[in-house]
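This report concerns only the one structure given below.
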Amino acid sequence: MIYIKPPLGLTPRFIVEERRIDEIKAAVTRYFDAGRKVPADWIAEYNELVERKGHEE
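Counting in the numbering used here, the sequence shown runs without a single skipped number right up to 195 at its last residue.
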């Protein structure tokens, strides 16, 4: 019997969201260090992702 490996699927959502949280934290830190105003939509997205993550645990 010949085994055919299935095609690569999607990265799980929780991994994508964890990476996005890390990206937002890094961007906020860079803006903070540069003395720049942090865009409100970044904070809103961060809060949304953290809240969603909390409901999954």
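Using N, Cα and C, we set each Cβ at its ideal position, and we do this for glycine too.
- Here the alpha carbons of PRO144 and ALA172 stand approximately 47 Å from one another.
- Counting only the Cα atoms, VAL154 lies some 13 Å from VAL188.
- Residue state for TYR141 is assigned as coil, using DSSP reduced to three classes.
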